[in-house]
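Colleague: So the sequence shown is numbered by this note's numbering: it starts at 537 and just counts up by one. Backbone N, C-alpha and C fix where the C-beta goes; we use that ideal spot for every residue, glycine too. Remember, it's a predicted structure, so these values are computed and weren't measured experimentally.
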Amino acid sequence: MTTHEIRPDHFRVEPGRRVRLAEWSTDTTDGFDGTKEERAELLAELNERLGDLQQMLYAEAKHKVLVVLQGMDTSGKDGTIKHVFRTINPLGVRVANFKRPNDVELAHDYLWRVHEHAPRDGHITIFNRSHYEDVLVVRVNDLVPAPVWQRRYEHIRGFEQMLADEGTTIIKLFLHISKDEQRARLQERLDNPAKHWKFEHGDIAERAHWDAYTEAYEQAITETSTAAAPWYIIPGDRKWFRNLVVSQLLVEKLEALEMRYPEPIAGIETIRITD
Ligand code: AMP
Ligand code: MG
Numbered sequence: 537m538t539t540h541e542i543r544p545d546h547f548r549v550e551p552g553r554r555v556r557l558a559e560w561s562t563d564t565t566d567g568f569d570g571t572k573e574e575r576a577e578l579l580a581e582l583n584e585r586l587g588d589l590q591q592m593l594y595a596e597a598k599h600k601v602l603v604v605l606q607g608m609d610t611s612g613k614d615g616t617i618k619h620v621f622r623t624i625n626p627l628g629v630r631v632a633n634f635k636r637p638n639d640v641e642l643a644h645d646y647l648w649r650v651h652e653h654a655p656r657d658g659h660i661t662i663f664n665r666s667h668y669e670d671v672l673v674v675r676v677n678d679l680v681p682a683p684v685w686q687r688r689y690e691h692i693r694g695f696e697q698m699l700a701d702e703g704t705t706i707i708k709l710f711l712h713i714s715k716d717e718q719r720a721r722l723q724e725r726l727d728n729p730a731k732h733w734k735f736e737h738g739d740i741a742e743r744a745h746w747d748a749y750t751e752a753y754e755q756a757i758t759e760t761s762t763a764a765a766p767w768y769i770i771p772g773d774r775k776w777f778r779n780l781v782v783s784q785l786l787v788e789k790l791e792a793l794e795m796r797y798p799e800p801i802a803g804i805e806t807i808r809i810t811d
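1. CB-CB under 7 Å to R796, same chain, minus the five flanking residues each way: which ones, in chain order?
2. Please confirm whether K708 and V604 have their CB atoms less than 8 Å apart.
3. Under the rule that 16 or more other beta-carbon atoms within 10 Å means buried, what is H651, buried or exposed?
4. Looking only at C-alpha atoms, which of A748, R721 and T750 sits nearest to E736?
5. Does the Cβ-Cβ distance between V601 and I660 come in under 8 Å?
6. Within a Cβ cutoff of 8 Å, which residues of the same chain sit near G772, ignoring the five residues on either side of it in sequence?
7. Measuring alpha carbon to alpha carbon, tell me which residue in E759, A730 and D747 is nearest I692.
8. If you measure from each CB to the nearest heavy atom of ligand 2 and keep those under 7 Å, what residues do you get, in chain order?
9. At a threshold of 7 Å, does V631 count as lining ligand 1 (C-beta to nearest heavy atom)?
10. Just checking R665 against ligand 1 - is the residue's beta carbon closer than 7 Å to any of the ligand's heavy atoms?
11. Please confirm whether K789 and T705 have their CB atoms less than 8 Å apart.
12. Give the list of continuous alpha helix (DSSP H) stretches no shorter than 4 residues that lie fully inside the region 724-750.
13. Which two residues bound the contiguous alpha helix (DSSP H) that contains F547?
14. Can the beta-carbon of L627 be found closer than 8 Å to that of Y668?
15. What separation, rounded to the nearest whole angstrom, lies between the Cα atoms of T616 and E696?
Structural data, given as structure tokens:
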């Protein structure tokens, strides 16, 4: 079947479903058959709609939106932010980048540095990596003993449920690329001087742990895809399709909030600016 429709719900992980990433395509276009021009047009249209919805979110200042971006190295987290949010007014959007924790952060519980970045009313916050690193990189590299990371799924479910109960719409995105695609993207970082800054020695070491990361992601997604905070496994090998799915998903999530501009002050129609 071919279509011009983008259906993010096809990529949603139903709560309780056991995820095996091999069963989720990295390069499907889900039947979408638009030409290159049509894709660009659709993205531009979704960008516009997202910009309008974000404006309303900010004006109404009633809802909070949290987008969690996870994925293997080179999976396109930065690129997604750049292309999906390009029409957004920076006033109402924050990006929180979670890198290796510093000493102060390490001296606290792992959610301490995360919570302060949770969105406020009217805002969209994007977590570029997140508390999930504490059951991913931490697990794969044995940074804490297994019993310590194993109990974190429960904390994370509780933490996210609390945010949701307090008015946060949570959208969790796993950008799903193949190992071959990662090779190509890492090589591109080596070949293109403008991308050298993105390459780290550690990237090769992390790539060697591909299977361990796959297992860690499978368990993390399986354990924490809940009704309040579902995961979406976004096919990531084709950047244009990834951008369309994420954009469409955000538009749908914001539309579901049924937002309205706040009521104007009484008698606004009679006010004239006279000098
Ligand atoms: P990048 O996303 O390329 O800027 O790299 C950020 C790095 O920080 C990645 O290698 C992550 O695995 C690492 N990182 C993020 N959060 C944590 C954490 N909680 N513990 C250890 N490393 C982390
Ligand atoms: Mg990196």
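Modeller: Let's see:
1. Excluding sequence neighbours, R796 sits near E596.
2. The criterion of a C-beta distance shorter than 8 Å is satisfied by K708 and V604.
3. With fewer than 16 Cβ atoms within 10 Å of its Cβ, H651 is classed as exposed.
4. Among A748, R721 and T750, the Cα nearest to that of E736 is on R721.
5. The beta carbons of V601 and I660 sit closer together than 8 Å.
6. The beta carbon of G772 lies closer than 8 Å to those of T562, G607, S611, G612, L711, H712, I713, E717 and R778 in the same chain, with the five residues before and after it left out.
7. With distances taken between Cα atoms, I692 lies closest to E759.
8. Selection output, chain order preserved: D609, K734, E736 and D739.
9. Not under cutoff, so the answer is no.
10. Yes.
11. Yes, they are a contact pair.
12. DSSP runs (the alpha helix (DSSP H)) wholly in the region 724-750: 738-744.
13. Per DSSP, F547 is not a residue of any alpha helix (DSSP H), being assigned neither H nor E.
14. No, the pair does not count as a contact, with Cβ atoms beyond the cut-off.
15. Each residue's Cα considered, the two are about 23 Å apart.
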